[in-house]
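A quick write-up on the structure given underneath.
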Amino acid sequence: MKLGLRKVVFPVAGLGTRFLPATKVVPKELLPIVDRPLIQWAVDEAVAAGADTLIFVINRNKRAIADHFDVAYELEDTLVRREKHELLQVARSVLPAGVETVYVVQQQALGLGHAVLCARSVVGDDDFGVILPDDFIFDRNTPALAQMVQVQARVGGCVVAVEPVEPQLTSRYGIIDGKATEEQLIRVSSIVEKPKPEEAPSNLGVVGRYILPARVFELLAETTPGAGGEIQLTDAIAALIAEQPVHGYRFNGRRFDCGNKLGFVEATVAMALEDPDTAASLRQSLPGLLSAS
Ligand code: G1P
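Here the sequence shown stands for residues 4 to 296, numbered as in the working numbering.
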């Protein structure tokens with residue numbers, strides 16, 4: 004049996020209105036950070052954590068995501084005939100051999116908890132991961148979800164990625180309360196979705212990485228609409244706390260909120276500075292761009 008996290012769910016049914024008109028036709032998750040779509044970075048992170056079954060929760064406007072991970076026969080055939088071996092390799096590298104994709108349709112936008120619940124029959128009884136591709140996390144050594152797999156192997160139960168957020172921005176996040184048990188680990192005693200700053204138990208916000216036990220599906224099925232009138236994953240995790248350990252993990256790496264323009268642009272610049280094709284020239288041109296603005 005393969006160890007590690009085999010199944011990862013990607014809730015990608017959101018509208019992406021903050022990026023209109025770019026997202027009128029193109030799903031937000033296919034917008035590129037340098038030359039890789041946001042969803043590709045998320046998939047690569049899942050695969051690095053051991054996943055071999057990728058479950059995308061989509062809606063009818065997100066079918067292009069399935070096309071991205073499909074074989075592009077005409078493109079590959081042309082590249083073979085032109086002997087463009089490196090490009091062929093790039094085109095084929097979107098999905099490593101042995102990794103399967105499954106698409107589940109969320110018919111109504113009832114919230115993140117509902118989106119995750121849509122994946123229930125595919126996940127079955129295993130622990131599983133959730134990646135929200137908007138939360139782009141970069142670490143040069145070990146991608147965030149793989150770090151969390153190592154943590155979860157030690158402490159069991161549920162592990163969520165957390166980081167300190169601006170105190171005035173707590174109403175954008177799930178916020179945890181709890182006691183630090185290790186330098187990067189907090190045993191969660193409560194979790195609340197999008198509290199106002201004056202009601203937030205801390206400033207530790209959940210960012211889009213979760214390792215969850217299958218039990219969460221039963222809890223989600225009983226969860227009634229919460230913050231914003233939506234079925235919240237946070238509320239099901241709150242119910243889980245009574246039954247099993249829930250930990251917040253302060254990951255290594257830098258997180259960019261690619262759900263908004265600024266975060267997306269920052270991620271693009273940061274990754275262009277990591278990319279050997281662009282890093283040196285960008286370093287040279289950035290000061291000029293800054294002084295011209
Ligand atoms: C979701 C979760 C929230 C979490 C956030 C991280 O909110 O509900 O708990 O902190 O993702 O990005 P959303 O951003 O979908 O409103």
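C-beta atoms are modelled at their ideal positions from N, C-alpha and C, and glycine is treated no differently.
For residue i, which residues of its own chain have a beta-carbon under 6 Å away from its beta-carbon, when the five flanking residues on both sides are left out?
{"i": "VAL152", "result": "GLY7, LEU8, ALA52"}
{"i": "PRO200", "result": "PRO170, GLN171, THR173"}
{"i": "ARG21", "result": "ASN263"}
{"i": "THR26", "result": "GLY19"}
{"i": "PHE267", "result": "CYS261"}
{"i": "THR281", "result": "ALA275"}
{"i": "ALA230", "result": "GLU196, LYS197"}
{"i": "PRO279", "result": "none"}
{"i": "THR81", "result": "none"}
Return the chain-ordered list of same chain residues with a C-beta closer than 7 Å to the C-beta of residue i, the five sequence neighbours on each side being excluded.
{"i": "GLU185", "result": "none"}
{"i": "ALA224", "result": "LEU120"}
{"i": "PHE313", "result": "One cannot answer for residue 313 here, as it falls past the ends of the chain, which runs 4 to 296."}
{"i": "VAL125", "result": "ILE58, VAL105, VAL107"}
{"i": "PRO56", "result": "Residue 56 is actually Thr in this sequence, not Pro. Around THR56: ARG9, LYS10, GLU103, VAL105."}
{"i": "ASN206", "result": "PRO167, VAL168, PRO170, THR173"}
With a Cβ-Cβ cutoff of 9 Å, do residue i and residue j count as a contact?
{"i": "VAL102", "j": "LEU91", "result": "no"}
{"i": "VAL163", "j": "VAL209", "result": "yes"}
{"i": "GLY181", "j": "GLY232", "result": "no"}
{"i": "VAL15", "j": "MET274", "result": "no"}
{"i": "ALA1", "j": "GLU48", "result": "No answer is possible for residue 1: the residues shown for the chain start at 4 and end at 296."}
{"i": "ILE58", "j": "ALA122", "result": "yes"}
{"i": "ALA217", "j": "PHE131", "result": "yes"}
{"i": "LEU78", "j": "ALA67", "result": "no"}
{"i": "GLY160", "j": "THR237", "result": "no"}
{"i": "ARG286", "j": "LEU188", "result": "no"}
{"i": "ARG143", "j": "GLU277", "result": "yes"}
{"i": "LEU289", "j": "VAL272", "result": "yes"}
{"i": "ILE214", "j": "SER193", "result": "no"}
{"i": "PRO24", "j": "ASN64", "result": "no"}
{"i": "LEU113", "j": "PRO204", "result": "no"}
{"i": "ALA239", "j": "THR226", "result": "yes"}
{"i": "PHE13", "j": "VAL50", "result": "no"}
Mind checking residue i: buried by the 16 CB within 10 Å criterion, or exposed?
{"i": "VAL307", "result": "The structure shown does not extend to residue 307, since the chain is modelled only from 4 to 296, so the question has no answer here."}
{"i": "ALA147", "result": "buried"}
{"i": "GLN109", "result": "buried"}
{"i": "GLN235", "result": "buried"}
{"i": "LEU115", "result": "buried"}
{"i": "VAL195", "result": "buried"}
{"i": "LEU33", "result": "buried"}
{"i": "PRO35", "result": "exposed"}
{"i": "LEU265", "result": "exposed"}
{"i": "GLY291", "result": "exposed"}
{"i": "GLU166", "result": "buried"}
{"i": "ALA295", "result": "exposed"}
{"i": "VAL28", "result": "exposed"}
{"i": "ALA183", "result": "exposed"}
{"i": "ALA283", "result": "exposed"}
In its own chain, which residues sit with a C-beta less than 8 Å from the C-beta of residue i, not counting the 5 before and 5 after it?
{"i": "GLN111", "result": "HIS117"}
{"i": "ARG175", "result": "VAL168, LYS197, GLY208"}
{"i": "ARG212", "result": "GLY132, VAL133, ILE134, LEU135, ASP138, ILE140, ALA147, LEU148, MET151, VAL163, ALA164, PHE254"}
{"i": "PRO3", "result": "For the chain, the structure presents residues 4 to 296; residue 3 sits outside this window and is missing."}
{"i": "ASN3", "result": "This structure cannot speak to residue 3, because the chain is shown only from 4 to 296."}
{"i": "GLU86", "result": "none"}
{"i": "ASP129", "result": "ARG9, LYS10, ALA217"}
Using 8 Å as the cut-off, classify the Cβ of residue i as near or not near the heavy atoms of ligand 3, replying yes or no.
{"i": "GLU32", "result": "Among the ligands present in this structure, namely ligand 1, ligand 3 is not found."}
Could you tell me whether any Cβ in chain D is nearer than 9 Å to the Cβ of residue i?
{"i": "GLU77", "result": "Absent here is chain D; the protein component of the structure consists of one chain."}
How do the segment 36-56 and the segment 71-78 stand: do at least 3 beta-carbon pairs fall below 8 Å, yes or no?
yes
Measuring CB atoms only, is the segment 127-146 touching the segment 260-267, in the sense that at least three cross pairs come out at less than 8 Å?
yes
4 or more residues per run - each alpha helix (DSSP H) lying fully within the segment 7-59:
Correct list: 41-51.
Can you list the beta strand (DSSP E) stretches of 3 or more residues lying completely in the segment 195-235, in chain order?
Counting only runs of 3 or more, we get 207-215.
Taking only runs that begin and end inside the segment 111-147, name each unbroken beta strand (DSSP E) of 3 or more residues, in chain order.
131-134, 138-141
Taking only runs that begin and end inside the segment 160-188, name each unbroken alpha helix (DSSP H) of 4 or more residues, in chain order.
none
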